[in-house]
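To start, the structure under review is shown below, and the notes come after it.
Number of protein chains: 2
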Amino acid sequence: MSRRFRIIRRVNEDTIWAGVPMRAPYGLEIIENCVTCPHREERIFCNLSPDAVQDLSTITSASAYPKGATLFMEGQAVRGVFIVCNGSVKLSTSSADGKTLIVRIADPGEVLGLAATVTGKQYELTADVIEPAQANFIARGDFLAFLEKYGEVALRVAQQMGEIYHAAVAEMRSIGLSHSAGEKLARFLLDWCAGHGNQKEEPRATLTMTHEEIAQIIGSSRETVTRLFTDFKKKRYLNVEGSALIIRNKSALEKLAGTAV
Amino acid sequence: MSRRFRIIRRVNEDTIWAGVPMRAPYGLEIIENCVTCPHREERIFCNLSPDAVQDLSTITSASAYPKGATLFMEGQAVRGVFIVCNGSVKLSTSSADGKTLIVRIADPGEVLGLAATVTGKQYELTADVIEPAQANFIARGDFLAFLEKYGEVALRVAQQMGEIYHAAVAEMRSIGLSHSAGEKLARFLLDWCAGHGNQKEEPRATLTMTHEEIAQIIGSSRETVTRLFTDFKKKRYLNVEGSALIIRNKSALEKLAGTAV
DNA sequence: ATTCCAGCGTGACCTGCATCACGCAGGAAC
DNA sequence: GTTCCTGCGTGATGCAGGTCACGCTGGAAT
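Heads up: the protein sequence lines correspond to chains A and B, in order.
Position 9 of the first sequence, counting from 1, maps to 9 under the working numbering, and the rest follow consecutively.
Adding 261 to a residue's 1-based position in the second sequence gives its number in the working numbering.
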């Protein structure tokens with residue numbers, strides 16, 4: 001089991017993996033190509049005309065990445081886009097002194113490195129795999145040629161970038177306009193349950209992140225997140241059972257988040 | 262001079278102007294249409310194939326807006342895009358309690374409302390004119406049809422959205438990762454001079470914003486900005502002469518901003 | 001001249017949260 | 001078993017900066 005990956009560089013004590021690592025199965029559903037992908041219909045970028053999908057499959061190269069792998073790093077010269085087939089990928093940026101801000105968590109169907117690829121700049125974020133993922137890589141040149149050939153795709157790209165921008169603005173609002181860390185945490189938890197769990201009276205979702213990561217998302221410190229969690233539990237706003245998060249008093253959290261009417 | 266504009270709504274004591282107000286000159290260079298626009302070559306969206314520009318001119322409607330006018334508001338149903346020909350427009354978002362965060366200042370050549378228009382969501386920001394501006398409006402339906410017809414334009418749109426996203430990420434970094442207000446102000450001033458002034462040893466630029474607005478950009482309070490300015494002046498980092506800002510110790514500011522090597 | 005108001009300058013106060021500093025538990029490696 | 005190491009819980013401390021409060025100034029309106 002040793003030396004499965006080639007370690008190309010060490011930064012900040014974290015291991016960075018080569019761009020195109022192994023293709024070994026990781027106990028996850030393997031998607032051979034986009035034509036036969038079972039999720040094709042429901043995903044914004046996979047659901048294209050048959051011609052386009054066929055063409056697409058000739059320029060993509062699929063790979064599987066283990067937890068902890070890095071697809072690309074902030075500041076690297078752009079190589080191309082990664083289409084996430086499954087798993088989940090964390091997109092973050094960090095300052096010189098090691099502080100990290102997680103911008104968003106990408107779910108299956110999203111295209112990473114889009115902004116950098118179309119503008120030709122460096123990657124503006126770092127993409128780390130947090131749940132074992134499969135992703136299709138498309139080199140910048142191929143991708144741009146593909147866009148030129150299929151105008152419909154360029155429109156899709158613009159749409160997806162619109163979504164991403166929308167999310168970014170929401171994030172800025174949350175970080176920039178809130179008064180307290182509690183407000184931000186409440187908002188984050190509600191958002192998370194809205195996107196990753198059921199929507200009953202008492203929303204429930206699995207939360208695999210560490211307190212540290214949550215802190216990096218809401219722009220706070222690990223200790224503060226821990227304290228807030230115990231506080232919320234004490235006030236019976238929520239329960240944590242293993243990795244399951246149950247919101248027991250949604251309206252109280254909404255009031256804290258400033259979302260309530 | 263009264264009743265030049267139709268007041269359609271009052272929000273937060275500010276006057277909101279109708280979407281397509283008067284066409285009176287405001288002492289600024291009037292741009293009749295994109296075909297004859299003197300800046301056509303240098304601007305990302307104006308510089309298209311002759312056919313496209315011709316088509317474009319049939320669906321755009323030009324208007325001039327006075328200082329204080331609002332092109333669109335956060336949460337409004339999307340109507341279409343505004344191409345800024347000259348002047349400058351402030352894009353902001355605000356919370357329920359009145360706090361405002363200025364996301365960016367749009368300069369001539371930029372297309373506003375792009376993300377909302379391609380995704381079909383609501384406008385995610387509010388656009389206020391801060392320097393008398395001319396802008397071309399294109400209704401959403403026309404714009405999307407135009408994009409479908411000219412694949413090249415869709416690519417341009419994607420590119421511009423890439424730029425905007427890039428800027429948004431930079432803004433998030435600045436707000437989310439910095440430790441002090443001084444750090445953010447220093448970064449803002451350096452950025453501003455880089456984009457709006459000469460680049461000599463002692464960068465100099467005109468800064469027309471109030472302390473309040475700067476506070477809203479860097480996510481701080483008016484008093485803090487004032488205090489920091491006096492502090493910076495005292496330390497001889499900069500000078501303010503009227504609306505002119507002169508940076509006298511660039512490296513000190515860079516060190517503060519964490520930009521220095 | 002007078003009024004008005006937006007924008008700036010400054011002092012006083014006080015609180016939220018970052019930071020440091022530990023201890024503890026559970027899993028992995030050997 | 002022992003040794004690590006990661007992630008969580010919690011106390012003590014300090015201070016940056018938000019907030020309130022007030023005064024001053026210069027320009028616009030009348």
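Backbone N, C-alpha and C fix where the C-beta goes; we use that ideal spot for every residue, glycine too.
Residue 427 of chain B has a beta carbon lying within less than 7 Å of a beta carbon in chain A. Closer than 7 Å to the CB of residue 366 of chain B there is not a single CB belonging to chain A. In the displayed model, residue 332 of chain B falls within a strand according to three-state DSSP. Look at the region 127-158 of chain A and you find these whole runs of alpha helix (DSSP H), each 4 residues long or longer: 140-149. Distances from the CA of residue 201 of chain A to each of A:249, A:89, A:113, A:148 were compared; the closest alpha carbon is that of A:249. Distance from the CA of residue 175 of chain A to the CA of residue 218 of chain A, rounded to the nearest whole angstrom, comes to 7 Å.
Contact between residue 426 of chain B and residue 161 of chain A is confirmed by a C-beta separation of about 6 Å, below the 8 Å threshold. Taking 7 Å as the threshold, the shortest C-beta distance from residue 433 of chain B to chain A falls below it. Not one beta carbon of chain B lies nearer than 7 Å to the beta carbon of residue 190 of chain A. Per DSSP, residue 351 of chain B is one residue of the beta strand (DSSP E) stretching across 341-355. Per the DSSP secondary-structure output, residue 372 of chain B pairs in a beta bridge with B:344.
Residue 84 of chain A is a Cβ neighbour of residue 106 of chain A, given a cutoff of 7 Å.
Within the region 433-459 of chain B, the complete alpha helix (DSSP H) runs of at least 4 residues fall at 442-457.
When 7 Å is used as the limit between beta carbons, residue 119 of chain A is near these residues of chain B: 420, 423, 424, 427, in chain order. When the Cα atoms are used, residue 318 of chain B and residue 155 of chain A turn out to be separated by approximately 21 Å. The C-beta of residue 124 of chain A comes closer than 7 Å to at least one C-beta of chain B. Contact between residue 70 of chain A and residue 127 of chain A is confirmed by a C-beta separation of about 7 Å, below the 8 Å threshold. Interface flag for residue 486 of chain B against chain A is unset, since no Cβ pair is found closer than 7 Å.
Secondary-structure assignment with DSSP links residue 383 of chain B through a beta bridge to B:338. Remark: C-beta atoms of residue 157 of chain A and residue 116 of chain A do not approach each other more closely than 7 Å.
Rounded to the nearest angstrom, the gap between the Cα atoms of residue 253 of chain A and residue 447 of chain B is 36 Å.
Inter-segment contact for the region 187-195 of chain A and the region 236-247 of chain A is present: three or more beta-carbon pairs are separated by less than 8 Å.
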